Every structure is written in C-alpha cells, then in structure tokens.
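Trainee:
There are 2 protein chains.
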Amino acid sequence: MNFSKTSKYALRILSHMAKDETAQYSAQQLHEDINIPVRYLRRLLTDLSKSGFIKSTHGRNGGFTFSRSASQIFLSEIVDSVDGFESINGCILGYDSCAFDYKCPMHVIWQETKQKVINTLKNTSLHDLRKNDLVFD
Amino acid sequence: MNFSKTSKYALRILSHMAKDETAQYSAQQLHEDINIPVRYLRRLLTDLSKSGFIKSTHGRNGGFTFSRSASQIFLSEIVDSVDGFESINGCILGYDSCAFDYKCPMHVIWQETKQKVINTLKNTSLHDLRKNDLVFD
DNA sequence: ATAAAATGCTACTTAATTTTAGTATTTCTT
DNA sequence: AAGAAATACTAAAATTAAGTAGCATTTTAT
Ligand code: SF4
Ligand code: SF4
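Right under this line is the structure:
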C-alpha cells in the first residue's frame with residue numbers, strides 16, 4: 101500500500117507550492133526546499149505543467165505557478181496524473197481484468213477501505229492542506 | 101496507492117489456498133489456478149514458507165499447506181512480509197525520516213485514512229475471506 | 001551584445017523489481 | 001534401482017522506475 105516515489109514527489113512539490121499559492125517557484129528553489137534530485141524534479145515540474153496543474157514561464161526570472169486555484173486541485177488528480185487512477189482503484193489481487201459481476205471475497209472486504217482512500221483523495225484539495233498548516237521543511 | 105506486484109501475488113496465493121484450508125497445493129497446481137509465472141511463484145512460495153505462513157513438504161507428492169490456521173493469518177502480516185509494514189505506514193510524502201513532533205498538513209489529512217487501511221489489513225484474516233466466498237478463477 | 005538564470009527536449013545510465021534458467025535435493029511410484 | 005514429480009538455492013536476464021547529462025531555447029540583467 102503505497103504511492104510510487106514519483107507520486108510522492110508530486111505531492112511534495114504541489115503541497116509545498118500551495119503554502120504560498122500565488123508565488124512563483126523555480127526548480128532550484130523547490131529543490132532546496134523539498135529535497136528532490138534537481139534534474140528529476142525539473143522533469144516532474146514539466147510533467148505537472150503538461151498535466152495542467154502548474155504553468156511555467158521561461159527565461160531568467162522564470163519558474164512555476166499554479167495554473168488554477170489550489171482549491172481546485174485535488175490529491176486524486178495528482179496521483180492519477182502520475183500513477184494513473186487504476187493504481188488506486190485497481191484490483192487488490194493484481195488481476196488485469198476481472199469479471200466484476202462476481203466479486204471475490206477479497207474484493208468485498210477491501211471495497212469500503214478502498215472507497216475511503218478514494219474519497220479522501222478526491223475530497224482533499226491542495227488548499228485544504230493549508231487549514232492546519234505547520235511549517236515542515 | 102498500491103501494493104507491489106509481489107504482495108498482490110502473495111495475497112492471491114494465500115487467499116486462494118484459504119478456500120480449502122487443509123488442502124495441499126503444489127506450485128504447478130497453484131500456477132494453473134491463479135496464473136502467476138510458475139518459476140516466480142515457486143520462489144514466492146518458498147519465501148512464504150520462510151515467513152511462516154505455509155510449510156512445504158518435499159518429494160513427489162509434496163507441496164504447500166498452511167503452517168497455522170488461516171484464521172490466524174492476517175492480511176497485514178502478508179503485506180508486511182513482502183513489502184514491509186513501512187510501505188503502508190510510512191510517510192505519504194516519501195520522507196525517510198520526519199520529526200513526528202510536528203505533523204504536516206498532509207499527515208493530518210491522511211492519518212485517518214491510513215488508519216482505516218491498517219485496521220482493515222490487521223483485522224482481516226484469511227479465514228474471514230471465506231465468509232462470502234465466491235468462486236473466482 | 002553578452003552573460004546569467006531559468007525551462008524544454010531527448011537520450012542515456014543506474015537501480016529496483018520481476019521473470020527466467022540451471023542445477024541440486026527430496027520423496028514417491030513402479 | 002530408476003524415473004517422475006515435487007521443492008530449494010543461486011545466478012542471470014528482462015523489464016520498469018528513478019535519476020543524470022547534454023544541449024537548445026527563452027527571458028532578463030548588465
Ligand atoms: S473481484 Fe477480486 S479479482 Fe476481481 S477485481 Fe475485485 S478483488 Fe480483483
Ligand atoms: S508529518 Fe508530513 S512529512 Fe512527516 S511523516 Fe507525516 S506526512 Fe510525512
């Protein structure tokens with residue numbers, strides 16, 4: 101039960117950026133703040149731009165800012181963009197395709213918990229994180 | 101949010117075996133039943149033996165049987181033995197070590213959901229799976 | 001103009017996970 | 001005694017995920 105390292109990175113990046121939602125962050129700055137290998141971080145930032153969470157401005161004073169309000173970016177979207185929603189929602193036994201008509205015992209037992217996970221991710225926006233903000237770096 | 105492929109395999113293996121708890125299963129048989137690459141399956145079975153869930157008997161009519169009651173094998177133990185408990189319980193942002201004194205917003209938000217996951221895994225035994233058994237192969 | 005500081009693209013490298021192979025050993029059947 | 005059918009051990013190959021490098025481009029400061 102885990103997110104991929106890359107998903108965790110993405111959560112780190114965006115939740116950190118949400119601390120000052122309108123600020124612009126450079127890869128270098130973020131690297132110093134949240135300790136992700138800088139070249140990989142840059143790639144992720146580009147990916148997150150392409151996914152529409154943030155937008156980049158080029159050139160000397162460039163960097164990244166949110167492309168929509170943090171209150172409209174939900175954790176589920178972030179994980180989905182990196183790992184794919186199937187990583188959360190897929191079969192707990194790892195079957196690619198399953199006749200969902202007949203739900204196996206494991207399915208039944210896991211169902212509610214999975215739904216809780218999904219709901220938490222779907223209902224939590226980056227803005228929500230600010231509610232009980234504590235500096236952590 | 102995911103288990104490793106190997107953990108999923110382990111869950112497949114043991115939940116399948118729990119359908120007939122006292123039966124003996126050979127790797128070949130299990131391979132045909134649950135469709136895991138047979139050589140890898142064999143290695144996993146050996147690992148699961150070492151972890152104490154099942155025991156092996158060698159030789160021609162050999163195979164694997166549970167080494168303790170399925171009602172005393174909990175899903176959390178299985179996942180723990182393969183991926184490690186940290187994979188479930190660890191930091192959602194992927195930090196190796198964190199001053200747990202100050203819990204960051206993400207921690208607070210994830211806490212309850214994580215606990216639900218842990219509780220489900222800790223409270224569900226392989227025997228519990230049989231309650232609403234439906235054949236799935 | 002030129003240099004600095006930033007992102008973007010593409011390919012390569014390294015590390016981790018998953019799969020396969022070879023060989024040895026055990027036990028049962030005949 | 002020989003062969004069949006099983007597990008055990010170890011190494012290697014293949015695949016996937018994570019991290020690195022080089023170079024191009026954009027914009028700003030001087
Ligand atoms: S029913 Fe069982 S096998 Fe099918 S998707 Fe659900 S958990 Fe997986
Ligand atoms: S407080 Fe935040 S950074 Fe620390 S372990 Fe919890 S989620 Fe991770």
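Protein chains in written order, with the numbering used here: chain L, 101 to 237; chain R, 101 to 237. Virtual Cβ for every residue (Gly too), placed ideally from N, Cα, C. Since the structure is predicted, the reported quantities are computational estimates derived from the model, not experimental observations.
For the segment 145-165 of chain L against the segment 193-207 of chain L, are there 3 or more C-beta pairs whose distance is under 8 Å?
Mentor: No, because fewer than three Cβ pairs between the segment 145-165 of chain L and the segment 193-207 of chain L fall closer than 8 Å, the two stretches do not touch.
Trainee: Counting only beta-carbon separations shorter than 8 Å, does L/Met206 have a partner in chain R?
Mentor: If you number the first sequence from 1, residue 206 of chain L lands on position 106. True, the Cβ-Cβ gap to chain R drops below 8 Å.
Trainee: Using a C-beta to C-beta distance shorter than 9 Å, which residues of chain L count as neighbours of R/Tyr109?
Mentor: Along the second sequence, one-based indexing puts residue 109 of chain R at 9. Within chain L, the residues near R/Tyr109 are Leu193 and Gly194.
Trainee: Can you list, in chain order, the residues of its chain whose CB lies under 8 Å from that of R/Leu111, leaving out five sequence neighbours each side?
Mentor: Locating residue 111 of chain R in the second sequence gives position 11, where the first residue counts as 1. Cβ within range, chain order: Phe103, Leu175, Ile178 and Val179.
Trainee: For R/Ile154, list the residues DSSP reports as bridge partners.
Mentor: The sequence position of residue 154 of chain R within the second sequence is 54, counting from 1. DSSP, once it has assigned bridges, lists R/Phe166 as partnering R/Ile154.
Trainee: Does DSSP put R/Tyr109 in a helix, a strand or coil?
Mentor: Numbered from its first residue, the second sequence carries residue 109 of chain R at position 9. It is helical.
Trainee: Inspect the beta-carbon positions of L/Ile136 and L/His116 and report whether they are closer than 8 Å.
Mentor: Taking the first sequence and counting its residues from 1, one reaches residue 136 of chain L at position 36. Taking the first sequence and counting its residues from 1, one reaches residue 116 of chain L at position 16. Going by C-beta atoms, L/Ile136 is not nearer than 8 Å to L/His116.
Trainee: Do you know how far the Cα of L/Ser187 is from the Cα of R/Met101?
Mentor: Locating residue 101 of chain R in the second sequence gives position 1, counting from the first residue. Locating residue 187 of chain L in the first sequence gives position 87, counting from the first residue. Each residue's alpha carbon lies about 6 Å from the other.
Trainee: Cβ closer than 8 Å: which chain R residues qualify as neighbours of L/Thr213?
Mentor: Translated into positions along the first sequence, residue 213 of chain L becomes position 113. In chain order: Lys216, Val217 and Thr220.
Trainee: Using a Cβ cut-off of 8 Å (strictly closer), state whether R/Ser229 contacts chain L.
Mentor: Taking the second sequence and counting its residues from 1, one reaches residue 229 of chain R at position 129. The sequence shown places Leu at residue 229 of chain R, rather than the Ser named in the question. Chain L contact via Cβ: present.
Trainee: Quick one: measure Cβ to Cβ for L/Leu221 and L/Leu114, integer angstroms, because I've assumed they're closer than 8 Å.
Mentor: In the first sequence, counting from the first residue as 1, residue 221 of chain L sits at position 121. In the first sequence, counting from the first residue as 1, residue 114 of chain L sits at position 14. 13 Å between Cβ atoms; not a contact.
Trainee: Which ranges does the alpha helix (DSSP H) cover as unbroken runs of at least 4 residues, wholly within the segment 158-232 of chain R, from first to last along the chain?
Mentor: You should have 175-183, 186-189 and 205-223.
Trainee: R/Arg112 versus chain L: which residues are under 9 Å apart at the beta carbon?
Mentor: One-based indexing of the second sequence puts residue 112 of chain R at position 12. The contacting residues are Leu193, Gly194, Tyr195 and Met206.
Trainee: Mind checking which residues open and close the alpha helix (DSSP H) that includes R/Ala127?
Mentor: Taking the first residue of the second sequence as position 1, residue 127 of chain R is located at position 27. R/Ala127 -> alpha helix (DSSP H) spans Ala127 to Ile134.
Trainee: Among L/Ile218, L/Asp201 and L/Ile192, whose alpha-carbon lies nearest the alpha-carbon of L/Ile209?
Mentor: Reading the first sequence from its first residue, position 109 is the one you call residue 209 of chain L. Measuring from the Cα of L/Ile209, the nearest candidate turns out to be L/Ile192.
Trainee: In its own chain, which residues sit with a C-beta less than 6 Å from the C-beta of R/Leu145, not counting the 5 before and 5 after it?
Mentor: Translated into the one-based positions of the second sequence, residue 145 of chain R becomes position 45. Only Ala127 and Phe164 meet the Cβ criterion.
Trainee: Determine the direct distance from the alpha carbon of L/Lys216 to that of R/Gly152, and round the result to whole angstroms.
Mentor: Locating residue 152 of chain R in the second sequence gives position 52, where the first residue counts as 1. Locating residue 216 of chain L in the first sequence gives position 116, where the first residue counts as 1. So the alpha carbons of these two residues sit roughly 31 Å apart.
Trainee: Figure out for me which residue from L/Arg230, L/Glu121 and L/Asp147 has the closest Cα to the Cα of R/Cys204.
Mentor: Locating residue 204 of chain R in the second sequence gives position 104, counting from the first residue. Looking at the Cα atoms, L/Arg230 is the closest of the given residues.
Trainee: Can you confirm whether L/Ser115, when its beta carbon is compared against all beta carbons of chain R, has any partner nearer than 8 Å?
Mentor: By 1-based counting over the first sequence, the position of residue 115 of chain L is 15. With 8 Å as the cut-off, L/Ser115 counts as an interface residue toward chain R.
Trainee: Here's the rule: buried if 16 or more other CB atoms are within 10 angstroms of the residue's CB, otherwise exposed. What is L/Lys108?
Mentor: The residue you call residue 108 of chain L lines up with position 8 of the first sequence. Burial call: buried.
Trainee: Within 8 Å of any Cβ in chain R, is that where the Cβ of L/Lys155 sits?
Mentor: As a position in the first sequence, residue 155 of chain L is number 55, starting the count at 1. Taking Cβ atoms only, chain R never reaches closer than 8 Å to L/Lys155, which makes this a no.
Trainee: Output, in chain order, the set of chain R residues within a Cβ distance shorter than 8 Å of L/Val179.
Mentor: What you label residue 179 of chain L is simply residue 79 of the first sequence in a count that begins at 1. The answer, in chain order, is Met101.
Trainee: Could you tell me which chain R residues have their CB closer than 7 Å to the CB of L/Thr122, listed as they occur along the chain?
Mentor: As a first step, residue 122 of chain L must be located in the first sequence, where it is residue number 22. The contacting residues do not exist; L/Thr122 stays about 18 Å from chain R at best.
Trainee: Under 8 Å by Cβ, that's how I've got L/Val182 and L/Thr122 pegged, so tell me the actual separation to the nearest angstrom.
Mentor: Residue 182 of chain L sits at position 82 when you count from the first residue of the first sequence. Residue 122 of chain L sits at position 22 when you count from the first residue of the first sequence. With 8 Å as the limit, L/Val182 and L/Thr122 do not qualify as a contact, their Cβ atoms being about 24 Å apart.
Trainee: Could you check if L/Tyr202 is buried or exposed, using at least 16 other CB atoms within 10 Å of its CB as the buried criterion?
Mentor: Along the first sequence, read from residue 1 onward, the residue named residue 202 of chain L stands at position 102. So L/Tyr202 ends up on the exposed side.
Trainee: Quick one, are the C-beta atoms of R/Ser167 and R/Lys150 less than 8 Å apart?
Mentor: Residue mapping note: residue 167 of chain R aligns to position 67 of the second sequence, counting from 1. Residue mapping note: residue 150 of chain R aligns to position 50 of the second sequence, counting from 1. No, the Cβ-Cβ distance between R/Ser167 and R/Lys150 is not below 8 Å.
Trainee: For a test of your reading of the model: does the CB of R/Leu193 fall under 7 Å from any non-hydrogen atom of ligand 2? Yes or no.
Mentor: Within the second sequence, the letter at position 93 stands for residue 193 of chain R. True, at least one ligand heavy atom lies under 7 Å from that Cβ.
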